[in-house]
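Participant: Okay, so the sequence shown: first residue is 599 according to our numbering, each after it adds one.
Here a beta-carbon is modelled for each residue, glycine too, at the ideal position from N, C-alpha and C.
What you are looking at is a predicted structure, and each value in this text was computed from that prediction instead of being measured.
Questions regarding the structure given below will be posed in turn.
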Amino acid sequence: MTTFARMATAALLSIAALAPAHAGSVTQPGETVGLAAGAPLPEGAYFVNTADWGCRNTSPESTCVGVTIPVLAWATPVFMFGGRIQLLTAMPLAEVNVDNGPSTSGFYNPFFAAQIAWDLGNGFGFSYLAGFYLGVNTGVAFDSTSFNQRFAVSYTADGWNLTANAIWGIQAQGVTDTINPNFLNVDLTATKKFGKFEIGPVAYYSTDLNNPTAFYQKQSQFAVGGLVGYDFGPVIMQAYLTTDVWEQNYGGNDTRVWGRVIIPLWNPPPTQTAMLHK
């Protein structure tokens with residue numbers, strides 16, 4: 599859950615006095631790729647960990663960022679307006695390295711959210727999430743709290759996962775010790791299952807929506823890649839590779855390798871599930 603070039607400028611000592619310490623989206627672009635975010639989960643508790651490492655070919659030195667995003671999700675037995683209520687929390691970590699330069703690491707902004715997800719029938723689902731990132735000051739995090747909304751639509755019939763997840767972030771404070779714009783991310787997935795295997799193209803787009811300071815340059819990027827996954831039953835593992843094909847004001851293209859594990863921690867017995875929905 600981080601933006602890569604924003605911390606590069608802070609780490610490059612030669613331009614530290616001229617460049618903003620932080621910029622871009624607090625939600626890491628591409629972090630929900632591969633997830634059917636629009637479809638309701640079966641009732642239960644889940645652990646999802648997404649980890650990634652990549653480098654942006656900034657000049658004069660490349661900037662490399664690693665992120666780990668452990669998420670706990672509870673798909674509750676409660677329904678509202680026909681949609682399942684789901685609760686999520688995350689405590690991510692980030693590490694930033696500049697070639698031949700400094701590095702830093704630490705906890706990133708903790709995330710808390712509630713989601714309502716509808717099964718629309720015929721394989722279609724839609725979800726709305728509202729949550730917030732808590733502002734912290736760890737050297738790799740935003741020091742202002744932000745509101746986060748997500749609108750996702752998924753098609754999951756016949757082994758497909760066709761998902762678009764739009765993530766809209768609004769900063770509570772535009773400028774603190776860091777420079778915090780509002781942003782829009784769109785994560786895209788188009789995978790197909792063949793037995794226990796999953797494969798397909800993925801992409802993501804991110805853009806800043808405002809200029810929090812007079813001299814701030816809004817950042818945007820579009821990345822494409824591919825995903826492979828395997829269902830070990832019940833554990834699911836995924837891996838995907840992405841690279842920027844277009845960027846603006848990041849100072850270089852980002853190439854990134856991702857890995858994810860999805861572990862069901864608890865599901866109600868089938869008889870209990872049947873009684874709840876009887």
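State the Cα-Cα distance for the pair A755 and D650, rounded to the nearest angstrom.
Facilitator: Whole-angstrom Cα-Cα distance: 28 angstroms.
Participant: DSSP state of D756, grouped into three classes?
Facilitator: In this structure, D756 counts as helix in the three-state DSSP scheme.
Participant: Assuming A770 contacts S742 (C-beta within less than 8 angstroms), just tell me the rounded distance between them.
Facilitator: That belief holds up - the Cβ atoms of A770 and S742 are roughly 5 angstroms apart, short of 8 angstroms.
Participant: With V624 and Y731 assumed to form a contact (beta carbons below 8 angstroms), what rounded beta-carbon distance in angstroms separates them?
Facilitator: So it is a contact: roughly 5 angstroms between Cβ atoms.
Participant: How far does the beta strand (DSSP E) with P668 in it reach, from first residue to last?
Facilitator: 661-678 is the extent of the beta strand (DSSP E) around P668.
Participant: Please state whether the Cβ-Cβ distance between G622 and F781 is less than 8 angstroms.
Facilitator: Yes, the pair counts as a contact, with Cβ atoms nearer than the cut-off.
Participant: Classify P868 as helix, strand or coil using the three-state DSSP reduction.
Facilitator: DSSP places P868 in helix when its eight states are reduced to three.
Participant: Taking a contact to mean a Cβ-Cβ separation below 8 angstroms, would you say G850 touches T656 in this structure?
Facilitator: Against a cut-off of 8 angstroms, the Cβ pair of T656 and G850 comes out as a contact.
Participant: With distances taken from CA atoms, which of T630, L685, V784 is nearest E641?
Facilitator: Out of T630, L685, V784, L685 has the C-alpha closest to the C-alpha of E641.
Participant: Taking three-plus beta-carbon pairs below 8 angstroms as touching, is the stretch 748-765 in contact with the stretch 666-675?
Facilitator: Because the criterion of three Cβ pairs below 8 angstroms is not met, the stretch 748-765 and the stretch 666-675 do not touch.
Participant: Whole angstroms are fine: how far does the CA of F792 sit from the CA of P690?
Facilitator: So the alpha carbons of these two residues sit roughly 32 angstroms apart.
Participant: My output table needs one value for L825: the three-state DSSP class, helix, strand or coil.
Facilitator: Residue state, collapsed to three classes: strand.
Participant: Could you tell me which whole beta strand (DSSP E) segments of length 3 or greater appear in the stretch 705-788?
Facilitator: DSSP runs (the beta strand (DSSP E)) wholly in the stretch 705-788: 709-719, 722-731, 744-753, 758-769.
Participant: First and last residue of the beta strand (DSSP E) that includes L691?
Facilitator: From DSSP, the beta strand (DSSP E) with L691 extends over 691-696.
Participant: Helix or strand or just coil, what does DSSP make of N647?
Facilitator: Strand.
Participant: If you reduce the DSSP assignment to three classes, tell me which class G652 lands in.
Facilitator: In the structure shown, G652 sits in a strand (DSSP, three-state: E or B).
Participant: Is D806 closer than 8 angstroms to Q819 when the C-beta atoms are compared?
Facilitator: No.
Participant: Taking only the alpha-carbon atoms, compute the straight-line gap between L610 and S744 and give it to the nearest angstrom.
Facilitator: Any reading at L610 must be qualified, since the residue scores a pLDDT of 26, below 50, and its modelled position is unreliable; the value itself is stated next. So the alpha carbons of these two residues sit roughly 26 angstroms apart.
Participant: In terms of residues, what are the limits of the beta strand (DSSP E) holding A837?
Facilitator: It spans 834-846 - the beta strand (DSSP E) in which A837 sits, taken as one unbroken run.
Participant: Please state the DSSP three-state secondary structure of K790.
Facilitator: K790: strand per DSSP, three-state reduction.
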